[in-house]
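> For the sequence shown, the numbering used here begins at 688 and goes up steadily by one.
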Amino acid sequence: AVLMLGEGAADAGEYLHVAAVAALTEVAVAEARDETEQNLRGSFLEELRTREDLDPLDVVRRAGRLGCDLSEGAVALVADPGPRAPGRLLAAIAAESGNALAQRVGDRVYALLPVSLEDARRVATRLSRQATVGLSSRYTSPADMRRALEEAELVLEVTHAGGGPPSQEIGDGTYRLLFRVLASHPEEVRSFYEDTLAPLVAYDEQYTADLVGTLESYLSNNCNMNATAGAIHAHRHTVSYRLERIRDLTGLDPFTSEDRERLGLGLKAYRIIAPQLPR
Numbered sequence: 688a689v690l691m692l693g694e695g696a697a698d699a700g701e702y703l704h705v706a707a708v709a710a711l712t713e714v715a716v717a718e719a720r721d722e723t724e725q726n727l728r729g730s731f732l733e734e735l736r737t738r739e740d741l742d743p744l745d746v747v748r749r750a751g752r753l754g755c756d757l758s759e760g761a762v763a764l765v766a767d768p769g770p771r772a773p774g775r776l777l778a779a780i781a782a783e784s785g786n787a788l789a790q791r792v793g794d795r796v797y798a799l800l801p802v803s804l805e806d807a808r809r810v811a812t813r814l815s816r817q818a819t820v821g822l823s824s825r826y827t828s829p830a831d832m833r834r835a836l837e838e839a840e841l842v843l844e845v846t847h848a849g850g851g852p853p854s855q856e857i858g859d860g861t862y863r864l865l866f867r868v869l870a871s872h873p874e875e876v877r878s879f880y881e882d883t884l885a886p887l888v889a890y891d892e893q894y895t896a897d898l899v900g901t902l903e904s905y906l907s908n909n910c911n912m913n914a915t916a917g918a919i920h921a922h923r924h925t926v927s928y929r930l931e932r933i934r935d936l937t938g939l940d941p942f943t944s945e946d947r948e949r950l951g952l953g954l955k956a957y958r959i960i961a962p963q964l965p966r
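1. For the segment 740–749 and the segment 818–827, state whether three or more C-beta atom pairs, one from each stretch, are separated by less than 8 Å.
2. Could you check what DSSP says for G821 in three-state terms: helix, strand or coil?
3. Distance, Cα to Cα, R738 vs S907?
4. Are the Cβ atoms of Y880 and Y957 separated by less than 8 Å?
5. Whose C-beta lies closer than 8 Å to the C-beta of Y928 among residues of the same chain, with five residues either side of it excluded?
6. With a Cβ-Cβ cutoff of 8 Å, do A835 and V926 count as a contact?
7. Given that a residue counts as buried once 16 or more other Cβ atoms are within 10 Å of its Cβ, and exposed if not, what is F942?
8. By DSSP, does D806 sit in helix, in strand, or in coil?
9. Given a threshold of 16 other Cβ atoms within 10 Å of its Cβ, counted over all protein chains shown, does L764 qualify as buried or as exposed?
10. Could you check whether the segment 827–847 touches the segment 861–869, counting it as contact only if at least three pairs of C-beta atoms, one from each stretch, sit closer than 8 Å?
11. Output the boundary residues of the alpha helix (DSSP H) element that contains L887.
12. Which two residues bound the contiguous beta strand (DSSP E) that contains D767?
13. What is the DSSP secondary structure of V689, reduced to helix, strand or coil?
14. Spatial neighbours of K955 within its chain, please: C-beta separation below 8 Å, excluding the five flanking residues on both sides.
15. With H, G and I counted as helix, E and B as strand and the rest as coil, what does DSSP make of L799?
16. Considering only the beta carbon of each residue, do L936 and R949 sit closer than 8 Å?
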């Protein structure tokens, strides 16, 4: 800022003009630099999302130029701010993890957090007050950043769709394993679902029988028939009939431990791929 006291020299106005132009030029250069960096972050994240042929060493080098060290991997985060401005999410990510690589891509905010999974979960918890958030497992190799971003997108889509696993369960070991497999070999998860829960889902859709809901309640109530009947507001004999129907349709017996494990895993597989199934 320039402050004039008194009348000043005859060419003072010219000096003021030069100073104002210099100040505006500096602001314009800073804004252009920031815009360029945003574009670089966005295009780099888009490449990481879509390309499988990126050299891991090049990934580390390019990320380092943007202030993010991916040499030991990262946790991916994808957030949907909805009607809110994505700039608030980017600012929050920068405040929580200053070395993160984050930028808006389309309608979502994508970020790679080179921190522990525990620290990444804390960031996601804080962001969840402003947006729907999907968080990946921690991938230790820069070659796996595409998978990390895919996994975070899958978690976000399942959370968005509703009817998936409760948010507090998404972080457990089994769901994390399924998400990782779904990101790398989606056909295997889909095949396992087809071999286990698909007949029950089809039967429920045709006859409104709630076999899937009965199975879920039976497993969550430690296979107690009376507790299951109370939870689904049905007679104990109805629960028994439905469990027998589940055995007939799937070839898996919910009364034996080995088959129960397969049915339970199939139920989790169904919960995470449900948004992708035809309606």
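Just so you know, even glycine gets a beta-carbon here, dropped at the ideal spot from N, CA and C.
Fair warning: this is a prediction, and the values are worked out from it, not measured in the lab.
In terms of the structure at hand:
1. no
2. The residue labelled residue 821 in the question sits at position 134 within the sequence shown. G821: strand per DSSP, three-state reduction.
3. Along the sequence shown, one-based indexing puts residue 738 at 51. Along the sequence shown, one-based indexing puts residue 907 at 220. Cα to Cα, R738 sits roughly 41 Å from S907.
4. Here residue 880 refers to the residue found at position 193 when the sequence shown is read from its first residue. Here residue 957 refers to the residue found at position 270 when the sequence shown is read from its first residue. Going by C-beta atoms, Y880 is nearer than 8 Å to Y957.
5. Position 241 of the sequence shown holds residue 928. Counting only Cβ-Cβ distances below 8 Å, and skipping sequence neighbours, we find nothing.
6. Residue numbering aside, residue 835 sits at position 148 when the sequence shown is read from its first letter. Residue numbering aside, residue 926 sits at position 239 when the sequence shown is read from its first letter. Against a cut-off of 8 Å, the Cβ pair of V926 and A835 comes out as no contact.
7. By 1-based counting over the sequence shown, the position of residue 942 is 255. F942 is exposed by the Cβ-count criterion.
8. Sequence index remark: in the sequence shown, residue 806 carries index 119 (1-based). It is helical.
9. As a position in the sequence shown, residue 764 is number 77, starting the count at 1. It counts as buried.
10. yes
11. Position 200 of the sequence shown, counted from the first residue, corresponds to residue 887. Per DSSP, L887 belongs to the alpha helix (DSSP H) from 885–894.
12. Reading the sequence shown from its first residue, position 80 is the one you call residue 767. Start and end: 761–767.
13. For this step, residue 689 is matched to residue 2 along the sequence shown. Model confidence at V689 stands at a pLDDT of 48, short of 50, so the residue's coordinates are unreliable; what they give is reported in the following sentence. It is coil, neither helix nor strand.
14. Here the question's residue 955 lines up with position 268 in the sequence shown. Excluding residues within five positions, the ones whose Cβ falls inside 8 Å are P852, T861, Y862, L865.
15. Position 112 of the sequence shown, counted from the start, is the residue given in the question as residue 799. Strand, per DSSP.
16. As a working note, residue 936 is residue 249 in the sequence shown. As a working note, residue 949 is residue 262 in the sequence shown. No, Cβ-Cβ distance for L936 and R949 is not below 8 Å.
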